[in-house]
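A.B. asks: Handing you a structure now.
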Amino acid sequence: MSFMLYGIITDIHGNLEALAAVLAQLQGVERIVCAGDIVGYGPEPVECINKIKDLGIVSIAGNHDKAVVGEHDTRWFNKRALAAVEFTKQQLKFENLEYLRGLPLEIHEDDFQVVHGSLHSPLEDYVVSVSDALPTFEKMTKPLCFVGHYHRPLFLARKKDGFYAGHALLDGDELLIDDYDRVIINVGAVGQPRDRDPRASYGIYNSKTKLFSLHRIPYEIEKVQDKMTKAGLPQQLSDRLKLGR
Ligand code: ZN
Numbered sequence: 380m381s382f383m384l385y386g387i388i389t390d391i392h393g394n395l396e397a398l399a400a401v402l403a404q405l406q407g408v409e410r411i412v413c414a415g416d417i418v419g420y421g422p423e424p425v426e427c428i429n430k431i432k433d434l435g436i437v438s439i440a441g442n443h444d445k446a447v448v449g450e451h452d453t454r455w456f457n458k459r460a461l462a463a464v465e466f467t468k469q470q471l472k473f474e475n476l477e478y479l480r481g482l483p484l485e486i487h488e489d490d491f492q493v494v495h496g497s498l499h500s501p502l503e504d505y506v507v508s509v510s511d512a513l514p515t516f517e518k519m520t521k522p523l524c525f526v527g528h529y530h531r532p533l534f535l536a537r538k539k540d541g542f543y544a545g546h547a548l549l550d551g552d553e554l555l556i557d558d559y560d561r562v563i564i565n566v567g568a569v570g571q572p573r574d575r576d577p578r579a580s581y582g583i584y585n586s587k588t589k590l591f592s593l594h595r596i597p598y599e600i601e602k603v604q605d606k607m608t609k610a611g612l613p614q615q616l617s618d619r620l621k622l623g624r
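Below, the structure is given as structure tokens:
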């Protein structure tokens, strides 16, 4: 079955307030796809998983999702990320863990693919530049690939003349996928943006017109910070939400 209007989200990180704000904006889309990291860092991992499940949002796994169920090495996680993994483990019920275990690393949908890191290394690679993107361009079997992991909205493309293009994406930016040979888009993070814009980030893609647009929406950050303090999560994880980095 092929859909037309998609909401694209990624890196929710247990931030239910941000997720709810984004979902309210996506009420008109036919299908929502998530590029991973539903949990980790934020105070409401269970609520975020349930929301994703209840709304039939299709998701792949991110490194944090797999770290929580012991399927991803946390050797490279910093102290704060590790504290969040431990907090998240304590919150999740058996059924939540089963859900995370069942998430695939990559999906194909309509005319696009979705992976958290890169098609070369789904849970580890950061695709930040054209050179990072080359192995993914090679592996793509569809014209468009959505990624997450980097927490900053970004566009990278191989053009029809063989040259490459790439730039950060800002609120309201639009792209016509058909203009390029291969396109990789990071829609930025819902729950922990790192491009110095603290607003939640998401994308809308129309697979019929091939038009993609990037959007930002404010949410009640203080509310999340209060929940994080009550949960005993590291102060720096809470502070960074306001700074957007
Ligand atoms: Zn993430």
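Quick note: the sequence shown, position 228, residue 607 per our numbering, numbers continuous.
Cβ coordinates follow ideal geometry from the N, Cα and C atoms, glycine included.
Remember, predicted model here, so these are calculated numbers, not experimental data.
#1: Excluding the 5 residues flanking E503 on each side, which residues of the same chain have their C-beta closer than 6 Å to its C-beta?
#2: Could you have a look at L358 and say whether DSSP puts it in helix, strand or coil?
#3: What are the start and end residues of the alpha helix (DSSP H) that includes N475?
#4: According to DSSP, simplified to helix, strand and coil, what is A403?
#5: What whole-angstrom Cβ distance do A414 and G541 have, given they're in contact under 8 Å?
#6: Look up K432 in the DSSP assignment and give the residues it is bridged to.
#7: Grab the span of the beta strand (DSSP E) containing K445 for me, first residue to last.
#8: Buried or exposed for G407, going by 16 or more other Cβ atoms inside 10 Å?
#9: Taking 6 Å as the limit between beta carbons, can you name the residues of its chain near A400, skipping five residues before and five after?
#10: Helix, strand or coil: which one does DSSP assign to S500?
#11: Answer yes if the region 419-429 comes into contact with the region 558-565, meaning at least three C-beta pairs across the two stretches below 8 Å, and no otherwise.
#12: Between R561, R619, G611 and N585, which has its C-alpha nearest I600's C-alpha?
#13: Can you list, in chain order, the residues of its chain with a C-beta nearer than 8 Å to that of T699? Leave out the 5 residues immediately preceding and following it.
#14: Go ahead and pull the three-state DSSP assignment for D416.
#15: Indicate whether K518 and L498 have their beta-carbon atoms separated by less than 8 Å.
#16: Taking 6 Å as the limit between beta carbons, can you name the residues of its chain near V437, skipping five residues before and five after?
#17: Would you decide whether N457 is buried or exposed? Buried here means 16 or more other CB atoms lie within 10 Å of its CB.
#18: Pick out the complete alpha helix (DSSP H) segments inside the region 559-593, 4 residues or longer, and give them in chain order.
#19: Beta carbon of V509, beta carbon of Y543: below 8 Å?
C.D. replies: Let me spell this out:
#1: Taking the sequence shown and counting its residues from 1, one reaches residue 503 at position 124. For E503, where only same-chain residues beyond five positions count, the Cβ hits under 6 Å are G496.
#2: Summary: the structure shown does not reach residue 358, with the chain confined to residues 380 through 624, and so no result is reported for it.
#3: Along the sequence shown, one-based indexing puts residue 475 at 96. Element bounds for N475: F473 to R480.
#4: Working through the sequence shown from its first residue, we reach residue 403 at position 24. Three-state result, A403: helix.
#5: As a first step, residue 414 is located in the sequence shown; it is residue number 35 there, counting from the start. As a first step, residue 541 is located in the sequence shown; it is residue number 162 there, counting from the start. Between G541 and A414 the Cβ distance is about 27 Å, and since that is not below 8 Å, they are no contact.
#6: Looking up residue 432 in the sequence shown gives position 53. According to DSSP, K432 bridges with nothing at all.
#7: Here the question's residue 445 lines up with position 66 in the sequence shown. That residue, K445, is in no beta strand (DSSP E); its alpha helix (DSSP H) goes N442 to V447.
#8: Translated into positions along the sequence shown, residue 407 becomes position 28. Label assigned to G407: exposed.
#9: Taking the first residue of the sequence shown as 1, we reach residue 400 at position 21. Here the set comprises A579, I596 and Y598.
#10: As a working note, residue 500 is residue 121 in the sequence shown. Correct three-state label for S500: coil.
#11: no
#12: Within the sequence shown, the letter at position 221 stands for residue 600. Per the Cα distances, R619.
#13: Outside the displayed range of the chain (380 to 624) lies residue 699, so it cannot be described from this structure.
#14: On the sequence shown, position 37 is the one that residue 416 refers to. If DSSP states are grouped into helix, strand and coil, D416 belongs with coil.
#15: Counting from one through the sequence shown, the residue named residue 518 turns up at place 139. Counting from one through the sequence shown, the residue named residue 498 turns up at place 119. A contact, by the Cβ cut-off of 8 Å.
#16: For the purposes of this step, residue 437 is taken as the residue at position 58 of the sequence shown. Answer for V437: V412, listed in chain order.
#17: If you number the sequence shown from 1, residue 457 lands on position 78. Exposed, by the Cβ-count rule.
#18: none
#19: Residue 509 sits at position 130 when you count from the first residue of the sequence shown. Residue 543 sits at position 164 when you count from the first residue of the sequence shown. Contact: yes.
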